[in-house]
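Just so you know, we're using my numbering here: the sequence shown kicks off at -6 and counts up by one. Worksheet: the structure to be examined is printed underneath.
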Amino acid sequence: QRSVLRSFSYVVYDLTLAFIFYYVATNYFHLLPQP
-6 QRSVLRSFSY VVYDLTLAFI FYYVATNYFH LLPQP
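Have a look at this one:
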């Protein structure tokens, strides 16, 4: 059960990083000069 909990925590960690990256991207990409 511990290995399942460990892998689940890794998935949550990855999803959190992805969400933070997406949030920052959507909030700050419009500040960049348009091509």
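Every residue gets a Cβ at the ideal spot worked out from N, C-alpha and C, and that includes glycine.
In angstroms, rounded to a whole number, what distance separates the CA positions of residue i and residue j?
{"i": "His23", "j": "Gln(-6)", "result": "44 Å"}
{"i": "Val5", "j": "Tyr15", "result": "15 Å"}
{"i": "Tyr21", "j": "Leu10", "result": "16 Å"}
{"i": "Arg(-1)", "j": "Ala18", "result": "29 Å"}
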